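J.: I have a structure here, written as structure tokens, and I will follow up with some questions on it.
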Amino acid sequence: MKKARLIYNPTSGREEMRRLLPSILDRLDQAGIETSCHATTGDGDATREAAESVQRGYDILIAAGGDGTLNEVVNGMAGYDDLPPLGIFPLGTTNDFARAMKIPKRWEDFCDLVIENKTRPIDIGKVNGRHFINIAGGGSLTELTYEVPSRLKTMIGQLAYYMKGIEKMINLSPTELVIRAEGIGEVEGEFMMFLIANSNSVGGFERLAPDARIDDGLLDVIAVKKCNLAEFIRLVSMALRGDHFNDPRIMYFKTERMEVTSPGHVLLNLDGELGGELPGVFEILPRHLHIFSHE
Numbered sequence: 001m002k003k004a005r006l007i008y009n010p011t012s013g014r015e016e017m018r019r020l021l022p023s024i025l026d027r028l029d030q031a032g033i034e035t036s037c038h039a040t041t042g043d044g045d046a047t048r049e050a051a052e053s054v055q056r057g058y059d060i061l062i063a064a065g066g067d068g069t070l071n072e073v074v075n076g077m078a079g080y081d082d083l084p085p086l087g088i089f090p091l092g093t094t095n096d097f098a099r100a101m102k103i104p105k106r107w108e109d110f111c112d113l114v115i116e117n118k119t120r121p122i123d124i125g126k127v128n129g130r131h132f133i134n135i136a137g138g139g140s141l142t143e144l145t146y147e148v149p150s151r152l153k154t155m156i157g158q159l160a161y162y163m164k165g166i167e168k169m170i171n172l173s174p175t176e177l178v179i180r181a182e183g184i185g186e187v188e189g190e191f192m193m194f195l196i197a198n199s200n201s202v203g204g205f206e207r208l209a210p211d212a213r214i215d216d217g218l219l220d221v222i223a224v225k226k227c228n229l230a231e232f233i234r235l236v237s238m239a240l241r242g243d244h245f246n247d248p249r250i251m252y253f254k255t256e257r258m259e260v261t262s263p264g265h266v267l268l269n270l271d272g273e274l275g276g277e278l279p280g281v282f283e284i285l286p287r288h289l290h291i292f293s294h295e
């Protein structure tokens with residue numbers, strides 16, 4: 001019998017996991033997967049538990065929660081070799097990565113995915129000793145995902161991000177950045193934000209990085225040059241259609257490694273969570289992890 005460790009955030013998805021847990025455990029057990037659970041209790045807890053689970057030799061790890069829970073579990077696993085496959089049960093507000101991988105939200109379909117044992121290799125990103133599975137970024141608007149209180153996200157979901165986004169946009173200001181990467185050399189200037197995508201689903205935008213592939217060994221970089229509020233809103237509307245690459249304020253390229261520095265204080269966003277600050281050296285770890293996926 002296989003042994004699985006399910007690490008879940010009890011506050012994600014309007015606390016839905018508390019209700020679903022007995023059914024999920026029963027379904028996996030009937031399929032020959034003995035599953036034990038760990039409910040996270042605070043920042044960093046999922047990372048510690050994931051690392052211990054790898055050390056204890058579990059055959060399967062499952063992360064149940066939002067993008068932040070997934071990021072913590074990946075950070076707990078990433079430092080080891082011969083990793084067990086990772087199941088991702090999406091319960092958060094945006095679930096960017098799960099959406100990109102077309103991972104089912106119905107608990108029955110998710111359990112079937114794990115039971116069928118269909119996996120695929122994926123890249124993960126690394127910066128300053130931290131890892132990210134879907135997105136990294138910096139700039140004032142990238143801060144809104146980790147500034148929204150978790151309780152507010154639980155109560156009103158995606159609307160919490162819209163409320164915080166409006167507040168941020170009113171005070172929109174550029175950041176001085178120096179970007180160095182193979183193929184573009186060194187670029188210095190004022191930017192509203194930069195985003196490094198590992199998949200084609202970023203912040204709920206399905207067309208922001210349409211050519212991003214999770215297993216191509218490359219980071220897709222999108223940097224928004226200085227603009228005013230009206231111009232930025234126009235860029236957002238273009239991004240919804242996938243037309244933003246035609247705008248001269250957008251810088252886009254692919255790379256295996258990139259260095260970003262700034263004379264100012266710039267915080268980093270990793271999968272929607274606070275990830276330290278610049279300077280940062282961003283790298284890709286090709287096919288470092290296997291996830292359960294039909295794709």
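Residue numbers (the UniProt record's numbering): 1 to 295.
Ideal Cβ positions, reconstructed from N, Cα and C, are used throughout, including at glycine.
It should be emphasised that the depicted structure is a prediction, and the values quoted were computed from it without experimental measurement.
#1: Suppose the cutoff is 7 Å on Cβ atoms and the five residues either side in sequence are ignored; what does the same chain contact list for residue 255 look like?
#2: Helix, strand or coil for residue 12? Go by DSSP, reduced to three states.
#3: Quick check: the Cα distance between residue 165 and residue 55, rounded to an integer number of angstroms?
#4: How would you label residue 264, buried or exposed, when you count the other beta carbons within 10 angstroms and need 16 or more for buried?
#5: Taking C-alpha atoms, which residue in 227, 126, 1 lies nearest to residue 287?
#6: Report the CB separation of residue 266 from residue 138 in whole angstroms; it is logged as a contact under 8 Å.
#7: Return the CA-CA distance between residue 37 and residue 83, expressed in angstroms with no decimal places.
#8: Which complete beta strand (DSSP E) runs does the UniProt domain "DAGKc" (1–131) hold, if anything under 3 residues is left out?
#9: Look at the alpha carbon of residue 77 and the alpha carbon of residue 293, and state the distance between them as a whole number of angstroms.
#10: Excluding sequence positions up to five away, which residues of its chain have a Cβ less than 6 Å from the Cβ of residue 276?
#11: For residue 234, does the three-state DSSP call read helix, strand or coil?
#12: Just to confirm my understanding: we take residue 259, look at its own chain, exclude 5 residues before and 5 after, and list those with CB closer than 6 Å. What are they?
#13: Would you kindly report the start and end of the unbroken beta strand (DSSP E) that includes residue 223?
T.: The short version:
#1: Counting from one through the sequence shown, the residue named residue 255 turns up at place 255. Counting only Cβ-Cβ distances below 7 Å, and skipping sequence neighbours, we find 181, 182, 183, 218, 219, 221.
#2: Within the sequence shown, the letter at position 12 stands for residue 12. Note: residue 12 maps to helix in three-state DSSP.
#3: Within the sequence shown, numbered from 1, the residue matching residue 165 stands at position 165. Within the sequence shown, numbered from 1, the residue matching residue 55 stands at position 55. Confidence is the limiting factor: at residue 165 the pLDDT is only 49, short of 50, which leaves the residue's position unreliable, though a coordinate-based value still follows. Residue 165 and residue 55 have their C-alpha atoms spaced approximately 40 Å apart.
#4: Residue 264 sits at position 264 when you count from the first residue of the sequence shown. By the neighbour-count definition (other C-beta atoms within 10 Å, threshold 16), residue 264 is an exposed residue.
#5: Here residue 287 corresponds to residue number 287 of the sequence shown, with the count starting at 1. Of 227, 126, 1, the residue nearest in Cα terms is 126.
#6: Residue 266 sits at position 266 when you count from the first residue of the sequence shown. Residue 138 sits at position 138 when you count from the first residue of the sequence shown. Contact holds; Cβ gap of about 5 Å.
#7: As a working note, residue 37 is residue 37 in the sequence shown. As a working note, residue 83 is residue 83 in the sequence shown. Cα to Cα, residue 37 sits roughly 19 Å from residue 83.
#8: 2–8, 33–39, 60–65, 86–90, 119–127
#9: Walking along the sequence shown from the start, residue 77 turns up at place 77. Walking along the sequence shown from the start, residue 293 turns up at place 293. Whole-angstrom Cα-Cα distance: 18 Å.
#10: Position 276 of the sequence shown, counted from the start, is the residue given in the question as residue 276. Within the same chain, and ignoring the five residues on either side of residue 276 in sequence, the residues whose Cβ sits closer than 6 Å to its Cβ are 128, 268.
#11: Position 234 of the sequence shown, counting from 1, holds the residue named residue 234. The answer is helix: DSSP assigns residue 234 an H, G or I state.
#12: Position 259 of the sequence shown holds residue 259. So the list reads 180, 281, once near-sequence residues are dropped.
#13: Residue numbering aside, residue 223 sits at position 223 when the sequence shown is read from its first letter. 219–225 is the span of the beta strand (DSSP E), which, as asked, contains residue 223.
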